[in-house]
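K.L.:
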Amino acid sequence: MAYTRVKPQGDRFYLCEYESYWDPKMGRSRQRFLRYLGPCDRKGNVLSTPQPRVGTVHSAFPVGPLAVFYAAAQQLRVQQRIQETLGMKEQEAALVLALGLNQAAARVPILHLPGWFRASPLPGWLSVDAEALTPRQFEDALFGLCHLTPEKTWEDRGLLLQQDLNRAWRNGSRE
6 MAYTRVKPQG
16 DRFYLCEYES
26 YWDPKMGRSR
36 QRFLRYLGPC
46 DRKGNVLSTP
56 QPRVGTVHSA
66 FPVGPLAVFY
76 AAAQQLRVQQ
86 RIQETLGMKE
96 QEAALVLALG
106 LNQAAARVPI
116 LHLPGWFRAS
126 PLPGWLSVDA
136 EALTPRQFED
146 ALFGLCHLTP
156 EKTWEDRGLL
166 LQQDLNRAWR
176 NGSRE
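Everything in the sequence shown is counted per my numbering, starting at 6 for the first residue and increasing by one.
Below is the structure:
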């Protein structure tokens, strides 16, 4: 059975809802806190209802953090910078961006990445045919971050991309 109780705290009063229940281990009835109803006066009349605080992204598209990270990527022109810096085609650059968004928002393993990509709004946002995607295509996009030089050595072009994105993000600041 639920009931309310006025809890004094200093010179203020707070109304809380409790419930009585039987504890078979202790062999007696106990009280459990159910919810906080808000600040009240001495007689238990609620003065204002509590406002919930949201600890995550709450004012974005229905997909939450993924939409926020995608909007930031659009603002920094990440896909175009991938194409320019790494010399990739639009499809490959979109897959590299999808890999980055996956790491930022979902952290799905590469084997399950095509399914995650299909279920997300990314195919529409990036103009990619999601039905034909395979894990191998994502791996090939990752291999695009490395480049075989004429001297037959591997060059990590991911660092060049990182420097370009840092310059874009700082946008002329002195940091």
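All residues carry an ideal CB built from backbone N, CA and C; glycine is no exception.
Can you list, in chain order, the residues of its chain whose CB lies under 7 Å from that of Arg10, leaving out five sequence neighbours each side?
P.N.:
Cys21 and Tyr23
K.L.:
Identify which residue in Arg175, Cys151 and Gly15 has its Cα closest to the Cα of Leu165.
P.N.:
Cys151
K.L.:
To the nearest angstrom, how far is it from the Cα of Asn171 to the Cα of Arg86?
P.N.:
11 Å
K.L.:
Which residues mark the beginning and the end of the alpha helix (DSSP H) in which Glu89 is found?
P.N.:
Val83 to Leu91
K.L.:
Is the segment 71 to 90 in contact with the segment 46 to 61, if contact means three or more CB pairs nearer than 8 Å?
P.N.:
no
K.L.:
To which residues of the same chain is Glu97 closer than 7 Å at the C-beta, ignoring the five residues directly before and after it?
P.N.:
Ala146 and Gly149
K.L.:
Is the number of C-beta pairs between the segment 39 to 46 and the segment 130 to 144 that are closer than 8 Å three or more?
P.N.:
With the cut-off at 8 Å, the segment 39 to 46 and the segment 130 to 144 do not touch.
K.L.:
Just list the residues that DSSP pairs Ala98 with in beta bridges.
P.N.:
According to DSSP, Ala98 bridges with nothing at all.
K.L.:
Quick check: what's the CA-CA separation for Pro119 versus Pro70?
P.N.:
Distance from the CA atom of Pro119 to the CA atom of Pro70, rounded to whole angstroms, is 19 Å.
K.L.:
Taking the beta carbon of Phe38 as the centre, do at least 16 other beta carbons fall within 10 Å, making it buried, or is it exposed?
P.N.:
Result: exposed.
K.L.:
Cβ atoms of Trp121 and Ala111: under 9 Å apart, would you say?
P.N.:
Taking 9 Å as the Cβ cut-off, Ala111 and Trp121 qualify as a contacting pair.
K.L.:
I want to see whether chain D comes within less than 9 Å of Ala109, judged by CB atoms only; does it?
P.N.:
Although the question refers to chain D, the structure presented lacks it and comprises just one protein chain.
K.L.:
Please go through the segment 108 to 157 and give each complete beta strand (DSSP E) segment of 3 or more residues, from N-terminal end onward.
P.N.:
151 to 153
K.L.:
Taking 9 Å as the cut-off, decide whether the C-beta atoms of Phe143 and Ala173 are in contact.
P.N.:
no
K.L.:
Give every residue of the same chain whose Cβ lies closer than 8 Å to the Cβ of Pro128, excluding the five residues on either side of it in the sequence, and list them in chain order.
P.N.:
Phe122, Asp134 and Ala135
K.L.:
For Leu91, does the count of other Cβ atoms within 10 angstroms reach 16, so buried, or fall short, so exposed?
P.N.:
Leu91 is buried by the Cβ-count criterion.
K.L.:
Within a Cβ cutoff of 6 Å, which residues of the same chain sit near Val113, ignoring the five residues on either side of it in sequence?
P.N.:
Asn107 and Trp121
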